[in-house]
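Residues in the sequence shown are numbered consecutively from 5, following my numbering.
Every residue gets a Cβ at the ideal spot worked out from N, C-alpha and C, and that includes glycine.
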Amino acid sequence: MDSELIVHQKYGEKGASIYLIRPDGYIGFRGTLAQRDLLLKYLTNILKEIPE
């Protein structure tokens, strides 16, 4: 949750959005709240690639 609007300011976002920032600081995912299903698909694909 970006209650202080730090991400909004850094990336120039004006509305309600979802950002997934990778550990290296790059944006892994960016979308609207209506696209949260795409975030789930993105994370599902990434987690499939992690060996057990």
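For residue i, the three-state DSSP class (helix, strand or coil)
| i | result |
| --- | --- |
| Tyr30 | coil |
| Ile54 | coil |
Where the beta strand (DSSP E) through residue i begins and ends
| i | result |
| --- | --- |
| Leu1 | Residue 1 is absent from the structure shown; the chain starts at 5 and stops at 56. |
Check whether residue i and residue j have beta carbons under 7 Å apart
| i | j | result |
| --- | --- | --- |
| Arg26 | Gly32 | yes |
| Tyr23 | Arg34 | yes |
Residues sharing a beta bridge with residue i, DSSP
| i | result |
| --- | --- |
| Gly35 | Ile22 |
Where the alpha helix (DSSP H) through residue i begins and ends
| i | result |
| --- | --- |
| Ile10 | 10 to 15 |
| Asp6 | Premise fails: Asp6 is in no alpha helix (DSSP H) and is neither H nor E. |
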